[in-house]
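Visitor:
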Amino acid sequence: MANLTVDFVTLVLFCVAIGYFLWNLSKGKVTTLRAFPAIDAISEGADRALETGKMVHYEPGAVCELSGQYATMLLASLDIMRHVVRECIRKGAKFQITTPPRGDVVPLIHAIVQEVAVSEGKPEAYVRDNIRYYATGEAMTTGVIGRFYREGVACHINIGCPGGYELNLMEHARYQGAMTIGGTPRWNIVYFFGMVSDYVLIGDEMYAAAAKVGENKFMIATLGASDWMKVGIIALTLVGTILTAVGLPFTAWLGL
Amino acid sequence: MSKRVYQRTTPLFMVSVFAGIIIATYFLPVKPLQDVTKELVQWGSILVGWTVFFAVVTSLLFLARQVGKGFKLTYNSLLVFLVMGILLAVALAYPGLASGPLYSQIFNVVVGNTFTAIQGVLTFNLIVGAYRAMRARSIEATILMLAGLTWLAASVPVGPALLPIITPIGQFFTYQINLAGTRGPLIAAAIGGIVLGIRAIMTKEPSVIELEVT
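Chains A and B are the protein sequences, given in the same order.
Mapping the first sequence onto the working numbering, position 26 (from 1) lands on 26, and the numbers just tick up by one.
Mapping the second sequence onto the working numbering, position 75 (from 1) lands on 75, and the numbers just tick up by one.
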């Protein structure tokens, strides 16, 4: 039961922190976020696509799904995808989206693109064929690389929850001379994104970037809560290290 | 009725209620709540399965409509139908359907090995990416290069044989510095994920359909 107590207290603290920042927001205290080079680069990517006549390619990632630990990554990725599609439609740049190999995500992506096209006053920009689905990560790898070589790519963006396949896409986009933008909270993938991408969103930067491009004050305000919790965890780590070093059963107190 | 009501408001309200029930079950595992949660999870699986089935039917219809629209589209569509027909015939010809011996063999030998080959390409791209990243063009890249080479030298047999101290140094990079460096972003990402999850449960996450579209 001790484990659940800690979990419950943590959840309540999260909710209280979010509530506090929302209360601040209602008082007119607006949180601002710093600029993200990777997000600024999306606009450059659209410009590059326009100049070269090649496409901007967006891919949320091969392991994205609407449940489990990857659901939040997918939702954040879709926020950024909305921004990418908007930039491309406004500038008249070609774009293609490769959906995750999950059938339940496909209609969501179609709806977002359709919605952005309509809201930008260019419903014709929603072209069904620009949104591609592959049933597996392997099929996606070969299919997308083939498209890169056949149709060309000016900017390849992979922000979300990628697997190992995405390294292949990044590299082949680079061989085509494309800008590459990566981002993921998946720590085992962010390594190679750091190596091969021109711009990268590291870890939870992706969540912050998603809130920023959404231009939604509610979303941005809730990020303050996550920063508070990070400070709390850092403090807990320091205290725990000291207490454990002097021989006190700190982890047992937390039920760990 | 506005489409917004059934496209966004109602589903999001349902998600909030269901998520609340599942969270309550986690903290208060009593039988009535567990039963409701089990039922909800089963319905989730059914809906996802149905969506996938719907997607398959839609895809097949789409492919069927491509037939006759030029050689390339016709060829691609017929190829898909041909492979599907062969797999169906094999599955139906033996007991066990997709678990049958021949179907499993075809899938493991043809598809499995093809997948492995595609994943194998990753090795070469990883080496090229690592080579590019480890060129000593900045302080960060130089540190990365030194750490990477040290770990490589510690991992190959000839490294410790020539220089025994390389093993503890390599292990120090990996199990102290790298591990700590990994856990920091991991915790931060988990916190970010929790906040986004709470936001989604509160129906304030705009990743889903925001506007009405026709």
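Even glycine gets a Cβ: it sits at the ideal position worked out from N, Cα and C.
Because the structure is a prediction, the values reported are computed rather than measured.
I want to verify the contact list: residues of chain A whose CB lies under 7 Å from the CB of Phe199 (chain B), in sequence order.
Guide: According to the sequence as given, residue 199 (chain B) is Arg; it is not Phe. Result: Met219, Thr222.
Visitor: Quick check on DSSP: helix, strand or coil for Thr214 (chain B)?
Guide: With a pLDDT of only 45 at Thr214 (chain B), under the threshold of 50, the placement of this residue in the model should not be trusted, and no figure is reported.
Visitor: Nearest to Leu63 (chain B) by alpha carbon, out of B:Phe54, B:Trp50, B:Val80?
Guide: Looking at the Cα atoms, B:Val80 is the closest of the given residues.
Visitor: Are the C-beta of Thr51 (chain B) and some C-beta of chain A separated by less than 8 Å?
Guide: Output row for Thr51 (chain B): interface = yes.
Visitor: Kindly identify the DSSP beta-bridge partner or partners of Lys94 (chain A).
Guide: Its beta-bridge partners are A:Met55.
Visitor: Check whether the Cβ atoms of Ala24 (chain B) and Leu12 (chain B) lie closer than 8 Å to each other.
Guide: Cβ atoms of Ala24 (chain B) and Leu12 (chain B): not closer than 8 Å.
Visitor: What is the rounded straight-line gap between the Cα of Leu254 (chain A) and the Cα of Trp228 (chain A)?
Guide: Leu254 (chain A) and Trp228 (chain A): Cα-Cα distance of roughly 20 Å.
Visitor: By the criterion of Cβ-Cβ separation under 8 Å, what are the contact partners of Thr182 (chain B) in chain A?
Guide: In chain order: Trp187.
Visitor: Does the CB of Ala19 (chain B) have a neighbour CB from chain A at under 8 Å?
Guide: So no, Ala19 (chain B) is outside the interface.
Visitor: Closer than 9 Å, Cβ to Cβ, to anything on chain B: give me those residues from the region 200 to 213 of chain A, in chain order.
Guide: So the list reads Ile202, Gly203, Asp204, Glu205, Met206, Tyr207, Ala208, Ala210, Ala211, given in the order they occur along the chain.
Visitor: Pro185 (chain B) touches chain A at which residues, Cβ-Cβ below 8 Å?
Guide: Those within 8 Å of Pro185 (chain B) in chain A are Pro185, Trp187, Val190, Ile202, Gly203, Asp204.
Visitor: Is there at least one Cβ from chain B nearer than 8 Å to Leu167 (chain A)'s Cβ?
Guide: It does: the Cβ of Leu167 (chain A) has a partner Cβ on chain B nearer than 8 Å.
Visitor: Below 8 Å on C-beta distance, what does Asp198 (chain A) contact in chain B?
Guide: Correct list: empty, because the minimum Cβ distance to chain B is about 11 Å.
Visitor: Can you say whether Gly154 (chain A) is buried or exposed, counting buried as having 16 or more other CB atoms within 10 angstroms of its CB?
Guide: Per the sequence presented here, residue 154 (chain A) reads as Ala, with Gly not at that position. Buried, since its Cβ has 16 or more Cβ neighbours within 10 Å.
Visitor: Is Gly163 (chain A) helix, strand or coil when you go by DSSP?
Guide: Residue state, collapsed to three classes: coil.
Visitor: With a cut-off of 8 Å, does the C-beta of Ala62 (chain A) fall near any C-beta of chain C?
Guide: Absence of chain C from the displayed structure is noted, the protein chains being A and B.
Visitor: Compare the Cα-Cα distances from Tyr126 (chain A) to each of A:Val116, A:Ala135, A:Arg132, A:Tyr133 and report the closest residue.
Guide: Minimum Cα distance to Tyr126 (chain A) is reached at A:Val116.
Visitor: Quick one: using the 10 Å Cβ neighbour count with 16 as the cut-off for buried, is Gln42 (chain B) buried or exposed?
Guide: Exposed is the call here.
Visitor: Since I believe Ala221 (chain A) is in contact with Leu25 (chain A) (beta carbons under 8 Å), could you give me their beta-carbon distance rounded to a whole number of angstroms?
Guide: So it is a contact: roughly 4 Å between Cβ atoms.
Visitor: At the level of alpha carbons, what is the spacing between Lys54 (chain A) and Glu151 (chain A)?
Guide: Near 7 Å, if we compare the C-alpha coordinates of Glu151 (chain A) and Lys54 (chain A).
Visitor: With 8 Å as the threshold, decide whether the Cβ of Ile233 (chain A) is near any Cβ in chain B.
Guide: Yes, Ile233 (chain A) counts as interfacial toward chain B.
Visitor: Note down, in chain order, each residue of its chain lying with its Cβ closer than 7 Å to the Cβ of Thr214 (chain B), except the 5 sequence neighbours on either side.
Guide: Residue placement at Thr214 (chain B) is flagged as unreliable, the pLDDT there being 45, under the threshold of 50; the coordinate-derived value follows with that caveat. Cβ within range, chain order: n/a, list empty.
Visitor: Let me know if Phe95 (chain A) comes out buried or exposed under the rule of 16 or more other beta-carbons within 10 Å of its beta-carbon.
Guide: Label assigned to Phe95 (chain A): buried.
Visitor: Cα separation between Thr150 (chain B) and Ala189 (chain B)?
Guide: Between Thr150 (chain B) and Ala189 (chain B), the C-alpha separation is close to 29 Å.
Visitor: Among the candidates A:Thr141, A:Gly61, A:Thr251, A:Ile89, whose CA atom is the shortest distance from the CA of Val118 (chain A)?
Guide: For the residues A:Thr141, A:Gly61, A:Thr251, A:Ile89, the minimum Cα distance to Val118 (chain A) belongs to A:Ile89.
Visitor: So Ala125 (chain A) contacts chain B; which residues on that side make the cut at Cβ distance below 9 Å?
Guide: Those do not exist, as Ala125 (chain A) stays about 13 Å from chain B at its closest Cβ, beyond 9 Å.
Visitor: List the residues of chain B that Asp40 (chain A) touches, going by C-beta distances under 8 Å, in chain order.
Guide: The premise fails here: Asp40 (chain A) is roughly 20 Å from chain B at the closest Cβ pair, so nothing lies under 8 Å.
Visitor: Closest Cβ-Cβ distance between Phe115 (chain B) and chain A: below 8 Å?
Guide: For Phe115 (chain B), the answer is yes, since a Cβ of chain A falls inside 8 Å of its Cβ.
Visitor: Distance cutoff 8 Å, beta carbons only. Does Phe27 (chain B) sit that close to anything in chain A?
Guide: Output row for Phe27 (chain B): interface = yes.
Visitor: In chain order, what are the residue ranges of uninterrupted alpha helix (DSSP H) at least 4 long that sit wholly in the region 128 to 180 of chain A?
Guide: Counting only runs of 4 or more, we get 137 to 151, 165 to 175.
Visitor: Check the Cβ of Leu179 (chain B) against every Cβ in chain A and list those closer than 7 Å, keeping chain order.
Guide: In chain order: nothing, as chain A lies at least about 11 Å away.
Visitor: Would you kindly check if the distance between the Cβ of Phe27 (chain B) and the Cβ of Phe8 (chain A) is under 8 Å?
Guide: Yes, they are a contact pair.
Visitor: With a threshold of 8 Å on Cβ separation, who are the neighbours of Asp204 (chain A) within its own chain once the five nearest residues in sequence on each side are excluded?
Guide: Excluding sequence neighbours, Asp204 (chain A) sits near Pro185, Ser226.
Visitor: Using a cut-off of 8 Å between C-beta atoms, extract the partners of Val85 (chain A) located in chain B.
Guide: Correct list: empty, because the minimum Cβ distance to chain B is about 13 Å.
Visitor: Thinking C-beta only, is Val67 (chain B) closer than 8 Å to Thr74 (chain B)?
Guide: Yes, these two residues count as a Cβ contact at 8 Å.
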